[in-house]
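**Student:** Counting in UniProt numbering, the sequence shown runs from 1 upward without gaps.
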Amino acid sequence: MIIFGTKGYIYQLAILTLVCGHCGNPSAHTLRKRVTKFTLFFVPLFPFSTKYATQCTFCGAEQQITSEQAEQLQLQGAGGGQDFRGGQPGGHVQQPGQHPYQR
Numbered sequence: 001m002i003i004f005g006t007k008g009y010i011y012q013l014a015i016l017t018l019v020c021g022h023c024g025n026p027s028a029h030t031l032r033k034r035v036t037k038f039t040l041f042f043v044p045l046f047p048f049s050t051k052y053a054t055q056c057t058f059c060g061a062e063q064q065i066t067s068e069q070a071e072q073l074q075l076q077g078a079g080g081g082q083d084f085r086g087g088q089p090g091g092h093v094q095q096p097g098q099h100p101y102q103r
């Protein structure tokens, strides 16, 4: 007797502020990666499906995106940690050689 099947894994890659295409609100969206793996005797062996999606935290609408779009959004999210008050979150500009928690 051979037991085989699939198992799904969801990875949250980033949280981004975007305008929702469904409700039109500028809100946080989660960028998720869904990987489906083939299992043999309940042991995941290899992935055979990878999909990317964004989900609006305001209305819950989910939109499938391509892997290229997901990479672009991840890069946007990594560089988006700055705000309008001066470089670092919270408005404090870190001086060279200064510990990040000292003011």
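Just so it is clear, CB atoms sit at the ideal spot from N, CA and C, and this is done for glycine as well.
Based on Cα-Cα distance, which residue from THR6, SER27, GLY5, PHE4 lies nearest to THR54?
**Tutor:** For the residues THR6, SER27, GLY5, PHE4, the minimum Cα distance to THR54 belongs to SER27.
**Student:** Are LYS37 and LYS7 close, meaning C-beta to C-beta below 8 Å?
**Tutor:** Yes, the Cβ-Cβ distance between LYS37 and LYS7 is below 8 Å.
**Student:** Give a yes or no on contact between the region 58 to 77 and the region 12 to 27, applying the rule of three or more CB pairs nearer than 8 Å.
**Tutor:** These segments touch.
**Student:** If you drop the 5 nearest sequence neighbours on each side, which residues of the same chain put their C-beta closer than 6 Å to that of ILE10?
**Tutor:** Once the five neighbours on either side are set aside, the close Cβ partners of ILE10 are ARG32, ARG34.
**Student:** Assuming LEU16 contacts LEU75 (C-beta within less than 8 Å), just tell me the rounded distance between them.
**Tutor:** The Cβ separation is near 11 Å, so there is no contact.
**Student:** Take PHE4 and list the residues in its own chain whose beta-carbon comes closer than 6 Å to its own, dropping the five residues that flank it on each side.
**Tutor:** Hits under 6 Å: LEU40.
**Student:** What residues in its chain sit with their C-beta under 6 Å from that of SER49, if we drop five residues either side in the sequence?
**Tutor:** Closer than 6 Å at the Cβ level, and outside the excluded window around SER49, lie THR36.
**Student:** Taking the beta carbon of ALA70 as the centre, do at least 16 other beta carbons fall within 10 Å, making it buried, or is it exposed?
**Tutor:** That one is buried.
**Student:** Put ALA70 into one of helix, strand or coil per three-state DSSP.
**Tutor:** Of the three classes helix, strand and coil, the one that applies to ALA70 here is helix, per DSSP.
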